[in-house]
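J.: The structure that follows is given in the form of structure tokens.
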Amino acid sequence: MPASVGGYVWRHSGKHQVGLAVLSIMVFLLSIWPLEIQRRIVNDAISSRSLSAIVWLSVAYFGIALLEGVLKFILNLYRGWVSERAVRHLRMTILGLARCVPRRHDSQEEEGVEIALVLSEAEPIGNFVGISVSEPLLQTGILVSVLVYIAHLRLEFALVSALVFLPQMIIVPLIQRAINRRAAMRIRTLRQISSNMIGSTGSTVADSRDQLKRIDTVFALNMGIYTLKFGMNFLMNLLHHLGVAVILGIGGWYVVRGDIDVGAVVAFVSGLAKIVDPWGDLINWFREATVSSVKYQLIETAARRIATSGAWADRSV
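Be aware that the sequence shown starts at 49, since it is given in my numbering, and climbs by one per residue.
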């Protein structure tokens, strides 16, 4: 296996990542058109009282939404295929090595636990392969496209939108690192619990006490992860609504003064709402990327340890 999860992604699915990237670009290039059509319906069509203009703009809106939906469907299906292909490859590789390489009799139980845990951790790593390139490209493309569109209409509103996410760009990586540390400790502790349950020949008071401590440790780590994750979500939602309030206030004042039209304010608010999902998806991608990297390193470490002990021959996964 390559040294990093990124190396595995490119070695196993490089050409498919290119195809996923092309689909992602096609999707985010369509993302700003619904905003412009909304603005034109509110301003041009309604002010001119032209029924035909309203109908044609509505049909155009639906057509773009349909095309975007079809492309997203194809993209997600393609991602799923790439992910499952990677999961299958990881599992077949691990099971193939387990069957072909002789193992010591005195460590078979421990090796069985190790292999079972590695197999279970292969699925989230494989799932990440499908979104490793296309997801950040798609969501970043939507963010940039919408911000550029808003800046084209009114620069100060684009600055407000950017300021909404600036604190998150600083805070989120810090919180995610704390989550990653707890996730890695949780995986190691669960491995210790499983190894002790299967590998021990008898149950002593000391063993039971240690197992209970490990279970309590997993509980505390999980609660810490929940607290950090939901606290981060609370912060993101709070900043989003703050941005909407600022745009509505400033936009309403500009409309009263006659500096902008109502359609522009509608486009600004819709644009800010359209940014929220991509930003949240980027946060989730960053979380999955870092957790997958941790799990991949744990699999590498486990394989190396078993190989060194003689459980697996001097071969790499």
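Cβ coordinates follow ideal geometry from the N, Cα and C atoms, glycine included.
Classify S168 as helix, strand or coil using the three-state DSSP reduction.
T.: In this structure, S168 counts as helix in the three-state DSSP scheme.
J.: Which of the three DSSP states, helix, strand or coil, is assigned to G55?
T.: Three-state DSSP puts G55 in a helix.
J.: Does the Cβ of M280 have 16 or more other Cβ atoms within 10 Å, making it buried, or fewer, making it exposed?
T.: M280 should be labelled buried.
J.: Should the segment 59–77 be called in touch with the segment 176–188, which here means at least 3 C-beta pairs below 8 Å?
T.: Counting Cβ pairs under 8 Å, three or more are found: they touch.
J.: To the nearest angstrom, how far is the alpha carbon of N332 from that of P221?
T.: Roughly 11 Å separates the two Cα atoms.
J.: Taking 8 Å as the cut-off, is the beta-carbon of A268 closer than that to any non-hydrogen atom of the ligand MG?
T.: By its list of ligands, the structure shown contains no ligand whatsoever, and the ligand MG lies outside what it can speak to.
J.: Quick one, are the C-beta atoms of I347 and M140 less than 9 Å apart?
T.: Their beta carbons are not under 9 Å apart, which means I347 does not touch M140 by this criterion.
J.: For Q86 and chain C, any beta-carbon pair shorter than 9 Å?
T.: In the structure shown, chain C cannot be found, because there is only a single protein chain.
J.: So the candidates are V118, G117 and W81; which of them puts its Cα closest to the Cα of Y109?
T.: Of the candidates V118, G117 and W81, the one whose C-alpha sits nearest the C-alpha of Y109 is W81.
J.: Helix, strand or coil, according to DSSP, for G306 in the structure here?
T.: Reduced to three states, the DSSP call for G306 is coil.
J.: Going by Cα to Cα distance, which pick from W129, I227 and G299 is closest to L276?
T.: The candidate whose alpha carbon is nearest that of L276 is I227.
J.: Quick one: using the 10 Å Cβ neighbour count with 16 as the cut-off for buried, is S52 buried or exposed?
T.: Its Cβ having fewer than 16 others within 10 Å, S52 is exposed.
J.: Excluding sequence positions up to five away, which residues of its chain have a Cβ less than 8 Å from the Cβ of S193?
T.: Answer for S193: F76, L77, S79 and I80, listed in chain order.
J.: Do you know offhand how far H200's Cα is from V103's?
T.: Those two C-alpha atoms are separated by around 26 Å.
J.: L191 to S131, Cα distance in whole Å?
T.: Approximately 25 Å, taken between the alpha carbons.
J.: Who are the near neighbours of P184 in its chain, counting only those whose CB is closer than 6 Å to its CB and skipping five residues on each side?
T.: The residues are W333.
J.: Using 8 Å for Cβ pairs, my map puts A134 next to R202. What's the rounded Cβ distance?
T.: No, A134 and R202 are not in contact; Cβ-Cβ is about 44 Å, not under 8 Å.
J.: Counting beta carbon pairs with one atom in the segment 316–324 and one in the segment 228–244, are three or more of them shorter than 8 Å?
T.: Because the criterion of three Cβ pairs below 8 Å is not met, the segment 228–244 and the segment 316–324 do not touch.
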